[in-house]
Amino acid sequence: MPVRNRLLAAVKACRRALEQDARRLFDDEQAAAHAAKAWFLELAILRCLEVSGHLAVLPWQEANPGIFYAQTSQVLKTCEVFREVRAADSFFPSSATFFLLRRFLTDTITPEQWREDHLLGWLSQYFEEQREQRRHGRFYTPEAIAAFIVGQTFALLRKSRSTPSFRLLDLACGAGAFALQAFDRIYDLWQNQPEREQPESIAAHILERQLFLIDCDPLACELARVNLLLKARRREPTCRVKQMNVFCADALIRWEHEPSSPCHELFTLQYDAVVGNPPYIVVNRLRTPPERLALYATYRSAAYKPNTFALFLERGLDLLAPDGALGMIVPNTLLTQLYFEPLRVHLLERAALTHILDTKRLFPQAFVENCILLLQRQDEAAKRQAQIIECHVAPPDASPALQASHAGIRIPQRRFDSAPFHRFSVSIDKSTFELLEKIAADSPKLGDICECHDGVNPGNAKQKLIVSEPVDAQCKKVLTGKNIGRYWLNWGGLFVRYDRSLEAKGDVIRWGHLLSLNAPKILTRQTADRIIAALDDGQHYVTNSLHTTVLRAGVGDFDLKYLLGLLNSTLLSFYYRKFVFETGQVFSQVKLMNLRQLPIKPATPEQQREVVALVEQLLHGHDGREQADAQLDALIYQLYQLSSDDARVIEQSMGIARSLSAYQTQCAV
1 MPVRNRLLAA VKACRRALEQ DARRLFDDEQ AAAHAAKAWF LELAILRCLE
51 VSGHLAVLPW QEANPGIFYA QTSQVLKTCE VFREVRAADS FFPSSATFFL
101 LRRFLTDTIT PEQWREDHLL GWLSQYFEEQ REQRRHGRFY TPEAIAAFIV
151 GQTFALLRKS RSTPSFRLLD LACGAGAFAL QAFDRIYDLW QNQPEREQPE
201 SIAAHILERQ LFLIDCDPLA CELARVNLLL KARRREPTCR VKQMNVFCAD
251 ALIRWEHEPS SPCHELFTLQ YDAVVGNPPY IVVNRLRTPP ERLALYATYR
301 SAAYKPNTFA LFLERGLDLL APDGALGMIV PNTLLTQLYF EPLRVHLLER
351 AALTHILDTK RLFPQAFVEN CILLLQRQDE AAKRQAQIIE CHVAPPDASP
401 ALQASHAGIR IPQRRFDSAP FHRFSVSIDK STFELLEKIA ADSPKLGDIC
451 ECHDGVNPGN AKQKLIVSEP VDAQCKKVLT GKNIGRYWLN WGGLFVRYDR
501 SLEAKGDVIR WGHLLSLNAP KILTRQTADR IIAALDDGQH YVTNSLHTTV
551 LRAGVGDFDL KYLLGLLNST LLSFYYRKFV FETGQVFSQV KLMNLRQLPI
601 KPATPEQQRE VVALVEQLLH GHDGREQADA QLDALIYQLY QLSSDDARVI
651 EQSMGIARSL SAYQTQCAV
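UniProt numbering numbers the first residue of the sequence shown as 1 and each following residue consecutively.
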């Protein structure tokens, strides 16, 4: 259902009125909000059932909500889909609020809209404030996206399943967006089977034996049950469903170890398909109960900084049957972020990745960008190694189907096995990958020959640590990110009081690496979409908006100015951008872990002197700076044994225009 501003505004008005009534009885804001939402959604369910013909006409003309409830309770005794308005157990809205609700449910929403599969799910989404959606990491999945993921997942299944009698699991089902799509597809598959092989009631068979849903929100589970029963009745008006597999519980709990739990069997089964849009919640270790942290520790993907989406993805993969298929929407930080390396390794060791679709932002309300991941469980290492992944990075405003049809890149899965941090570099085509390999060949990493550290992070003590006048001998001139550029630095007049005795209880201060702060060093800016480096002779300390790079003890083969020239080169900025794809982000950052991965080409003393001579010109700001920069780039292309074609690719990618003749004369062919 398309999002309509009028409908959204009306839902918000209903929420405000209900919460105002609820606060008269509830001191707790959260309890009041939950009670208000329960009334709203249960009345919406009643109206939906009435319009769909599953309830007799309800007494909407009754102004007193208590009398309406009593009369409706009698009607519900004959309803198989929905038996009880449980919201009435908590409070009754005022007559004025009830009038607003009645008008919204019976007048604002048309009967045609009530018959749409996803209306109840959207109403639930509209009722929540954006801050709540972000806090819970919970967003209703648009129909087109759910249809795309279910369709792609089923396409994978059809390669290994000859009948439609497979089981599908959604670990965070919400109002059932994915299950609604799956129901229709499974139903159609059954109808295409010979009649003698079809169940007596296809609809009942699907709900009783094939769809398995779980969510920790009881209201979401109620919506999912109603949506699926209405879907079944549209296909088979007389179908009778004995029991649905919709469970209200936390899917991350290890129910398989709890034999007495109603969820025990759910987690001892294996599933042919797992789909969904799991919640994205960063786990705060300081605010999370110890028993919860102990639960998360049972997941491989919780090794660093846990996020619930990673736990759900791992859980889904582990519940797949052999050759089973999984399709999920997850944050695209999964692809490259260091914290998710254990999860990427787990995926590579258990699955054949079939599609990665970097969709950017699918949910406007969310802060994160997304990707769609499709895979099959594959226990044979040789088949995983032979797998070719279809990777797509397409305009974010396109539909998933359009994005999937956008020109993509076919990447061997084995490439990710050997990639730094097992990154899923989905935007690097074969020729670019070969160029990156060529750049990195026979070159140690910067972290092998240098120590790279953060500067001083004053945290919540900035006011007493960063001062504009020296107050004692512990004050050191300090630089921030804005004080440096390529080959230059300009002290801004600030000092840092580098005195650990100033640190008081409650202060959160990181003092940096003292030896590096005092030494001659290369400084690199943290916030940038390319490498921006300057040279400091040891006269300045730096804040955490800068990184320090010093030669490791015993490393005498490299001149610091030679390294400065490499770091500021177009070549290494190209390598960095392709390596981490931070460019274009709102806050592009050069992270230490990535800086340490840059390949540093060994060079003879004579070769280093050539580089250093040009670096000296750039450091001293002589005329002809642009020419010196171009000469230095050309010299570095030669050091890395790149061709003129390689150089052209790099400079075009970096937005630098130089003539073809310059490439031919400056670069090794």
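Note that CB positions come from ideal geometry on N, CA and C, so glycine has one too.
Query	Result
Coil, strand or helix - N568 by DSSP	coil
Cutoff 6 angstroms; reference K305; Cβ partners in own chain excluding five residues on either side	Y339
Cβ pair count under 8 angstroms reaching 3, the stretch 642–653 against the stretch 600–607	no
Cβ shell of K231 (< 7 angstroms), same chain only, five flanking positions each side left out	D117, L180 and F183
Check whether A175 and N227 have beta carbons under 8 angstroms apart	yes
L535 in three-state terms, based on DSSP	strand
For K37, three-class secondary structure by DSSP	helix
Endpoints, the alpha helix (DSSP H) within which F267 is located	Premise fails: F267 is in no alpha helix (DSSP H) and is neither H nor E.
Test item: CB-CB of residue 684 and F104 under 8 angstroms	The chain is shown from 1 up to 669; residue 684 falls before or after that span and cannot be answered.
Beta carbon of S486 nearer than 8 angstroms to that of N568	Residue identity check: residue 486 is Arg in the sequence provided, not Ser. Yes, the pair counts as a contact, with Cβ atoms nearer than the cut-off.
Those residues which DSSP pairs with A10 across a bridge	DSSP output for A10 lists no bridge partner at all.
Residue nearest to E369 in terms of C-alpha spacing, selected from E380, L357 and T153	L357
L374 versus L46, V150, L635 and P65, residue with shortest Cα-Cα distance	V150
Residues bridged to C450 [DSSP beta-bridge criterion]	L551
7 angstroms Cβ shell around L639 - same chain, five flanking residues per side excluded	K601, A603 and Q607
Closest Cα partner of D536 within the set T336, I484 and S573	I484
Environment of K12 [buried if 16+ CB atoms lie within 10 Å]	exposed
Cβ-Cβ distance between L335 and V426 below 8 angstroms	yes
Reference L223, options P142, T106, E42 and S94, closest by Cα	E42
Rounded Cβ spacing between I531 and Y562 (contact assumed at less than 8 angstroms)	Incorrect: roughly 15 angstroms between the Cβ atoms, too far for contact.
Reduced DSSP category for residue 734 - H, G, I as helix; E, B as strand; rest coil	Outside the displayed span of the chain (1 to 669) sits residue 734, for which this structure offers no information.
4 or more residues per run - each alpha helix (DSSP H) lying fully within the stretch 501–536	514–518
Runs of alpha helix (DSSP H) lying entirely within the stretch 195–269, each at least 4 residues, in chain order	202–205 and 218–235
Those residues which DSSP pairs with V368 across a bridge	According to DSSP, which records beta bridges pairwise, V368 is partnered with nothing at all.
Member of D429, F421, T359 and K360 whose CA lies at the smallest distance from the CA of I389	D429
Distance between beta carbons of N245 and F267, contact taken as under 8 angstroms	Between N245 and F267 the Cβ distance is about 12 angstroms, and since that is not below 8 angstroms, they are no contact.
Residues near E314 in its chain [Cβ-Cβ closer than 7 angstroms; skip 5 each side]	Y299, R300, S301, L343 and H346
Buried versus exposed call for G408 [16 or more other C-beta atoms within 10 Å across all chains shown]	buried
Residue burial classification, W39 (beta-carbon count within 10 angstroms, cutoff 16)	buried
Member of C475, A473 and G492 whose CA lies at the smallest distance from the CA of K482	G492
Own chain residues within Cβ distance below 6 angstroms of V283, not counting five before or after	P306
DSSP-derived helix/strand/coil call for R131	helix
Where the alpha helix (DSSP H) through V456 begins and ends	Element bounds for V456: n/a, residue is neither H nor E.
Backbone secondary structure at G66 - three-state DSSP	helix
Nonlocal neighbours in the same chain, by C-beta distance under 8 angstroms from R6, ignoring five residues either side	T108
Counterpart residues of residue 680 in DSSP-defined beta bridges	An answer regarding residue 680 cannot be provided, because it is not within the stretch 1 to 669 covered by the chain.
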